[in-house]
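This report refers to the structure that appears directly beneath it.
Residue numbers (this note's numbering): 8 to 505.
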């Protein structure tokens, strides 16, 4: 078998995919192709990576690779100083002013495009949370070089020690706070390269220029220890994840985009940590307290993130009492935001929903107020749909014969992420925990699923089990969970031999 560089692309050309499928090149792809460009296959899609985007991504990864080679000479105190300096600059009004200006421009541009800005706005709260997260990494132990296990032999010993994993590549949606959180991998001796969504690219560039890079320089960390892919093109993200120099590829964002990036990384042989589809489920059994259920629903709908309530399942023998509790809290959550709620009703649940819910009303979407039914039918097979609402809280409702049916529906249709059981029966809580296929299980509101809130650690992402359980790691990816293990032997007796 011989190989040669691809120099031309013609419409109809066959591309092998998955070992047993052929994808045909479209006329549009053939016309866009230029010598030096690259192709990668993700599922049934052929992805075009222009040479310019590959160069931008390769340069950023290369800077992080070079920096990692010098991280062994960096002290823990220097890493601490970096986090402190980064947090201090975010808190300094003069240093933050150009960042705020860039974020305002990003928000305005997103509004013009009719895109959601809920997660894009770098509010005072987000700014404070970013700085607090960085300070928590400054106070955290590094773990670098710590001994995990020692095995003693006669005349020699073996130590398993923690070490930096390498370059961690991040692709994430337009949430500026994630940009700071992801720097947590530096605490463990890694370096990091980012590609952020186009909506927040201006904000990211400003953070790099006015806070991140000055903090690296002040602490004496290698240039490139945190590197930004300065491109808004999806192809730059594909190129980064296809770079075999990555130690770990982490993707956050919408489910389909994250799945595609994961496929690209795996094709290149890179390990992945994917954080895409979310949406929490809540099950109320026959012993559920209506007041507790009402509170759990309300406190799970304060804003739309991955751990927001998405599906409420209520057992039939209590539906007359418990469905109104769910709907009342859904409406209260909307009223707090000055809007109306949206409900999706599974077959059989419509009998417990008042007809007024199905009347046309104003639902606030990313593009503004839209006239549509306040409630609509949904098929059981669509219960896994995550409702990406803007201001109008949006959930699905299903009435089940038993808790076991709710478990079956969750295991069959959900993203296998977070679920709560509202029940007064402790033994049923234990049984539910054993049977439900989710990494995050609770007995109240769902919004507790957050690394900072629950564990006191800024999270880099929350993994679901949609693509299979994770080996040797929980669902919270944090900076101190990204490491490799090295083995060091110390021989005290020179006569030791096999």
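By construction, the Cβ of each residue, glycine as well, lies at the ideal position given by its N, Cα and C atoms.
Look at the beta carbons and you see the segment 465-485 not touching the segment 325-341: under three pairs across the two are nearer than 8 Å. Taking the Cβ atoms as the reference, residue 385 lies roughly 18 Å from residue 377, outside the contact range of under 8 Å. Taking C-alpha positions only, residue 354 is separated from residue 405 by approximately 7 Å. DSSP lists 167 as the bridge partner or partners of residue 156. The alpha carbon of residue 75 has as its nearest neighbour, out of 388, 281, 312 and 172, the alpha carbon of 172. A residue is called buried when at least 16 other Cβ atoms come within 10 angstroms of its Cβ; residue 501 does not meet this threshold and is exposed. Taking a contact as a CB-CB distance under 8 Å, the pair residue 175 and residue 489 counts as one, their CB atoms being some 6 Å apart.
When 207, 271, 390 and 430 are compared, the shortest CA-CA separation from residue 296 is found for 430.
7 Å or more divides the Cβ of residue 27 from the Cβ of residue 113. The beta carbon of residue 191 sits closer than 7 Å to those of 144, 465, 467, 485 and 486, all from its chain and outside the five residues before and after it, given in chain order. Every alpha helix (DSSP H) stretch that sits fully inside the segment 171-217 and reaches 4 residues is listed by chain position as 183-188 and 208-214. Per the coordinates, the alpha-carbon of residue 402 lies some 13 Å from the alpha-carbon of residue 290. Excluding five sequence positions before and after residue 274, the CB atoms of its chain that fall closer than 8 Å to its own CB belong to 47, 48, 49 and 249, given in chain order. Note on the segment 268-316: whole beta strand (DSSP E) runs with a minimum of 3 residues are 279-282 and 287-291, in chain order. The count of Cβ pairs closer than 8 Å, one atom from the segment 178-196 and one from the segment 112-132, reaches three, so the stretches are in contact.
DSSP places residue 143 inside the alpha helix (DSSP H), whose first and last residues are 131-146.
Residue 443 sits in coil when the DSSP states are folded into three classes, being neither helix nor strand. Restricted to the segment 379-455, the alpha helix (DSSP H) segments that are unbroken, complete and at least 4 residues in length are 410-420 and 433-442, listed in chain order. The three-state secondary structure of residue 41, taken from DSSP, is coil. Across the set 340, 338, 305 and 283, the C-alpha of 283 shows the shortest separation from the C-alpha of residue 482. A distance below 6 Å between beta-carbons, with the five flanking residues on each side excluded, links residue 67 to the following residues of its chain, in chain order: 200, 234 and 236. The continuous beta strand (DSSP E) containing residue 54 extends over residues 52-56. Taking the Cα positions, residue 393 is about 9 Å away from residue 287.
Taking a 10 Å sphere around the C-beta of residue 70, we find 16 or more other C-beta atoms and assign the residue as buried.
Taking C-alpha positions only, residue 456 is separated from residue 366 by approximately 34 Å. Burial is judged here by how many other beta carbons sit within 10 angstroms of a residue's own beta carbon; residue 267 has at least 16 and is buried. When beta bridges are read from the DSSP output, residue 495 appears opposite 166.
Counting along the chain, residue 344 sits inside no beta strand (DSSP E), nor does DSSP assign it H or E at all. Nearest neighbour of residue 408 by Cα position, chosen from 390, 458 and 325, turns out to be 325. A distance below 7 Å separates the beta carbons of residue 186 and residue 211. By the CB criterion at 7 Å, residue 83 and residue 149 fall inside the cutoff.
Distance from the CA atom of residue 341 to the CA atom of residue 136, rounded to whole angstroms, is 25 Å. Between the segment 127-134 and the segment 237-245, the count of C-beta pairs closer than 8 Å stays below three; the two stretches do not touch. Distance between residue 231 and residue 198, taken at the CA atoms: about 8 Å. Per DSSP, residue 367 is not a residue of any alpha helix (DSSP H); the beta strand (DSSP E) it occupies stretches across 367-372. For the pair residue 138 and residue 98, the CB atoms are nearer than the 7 Å cut-off.
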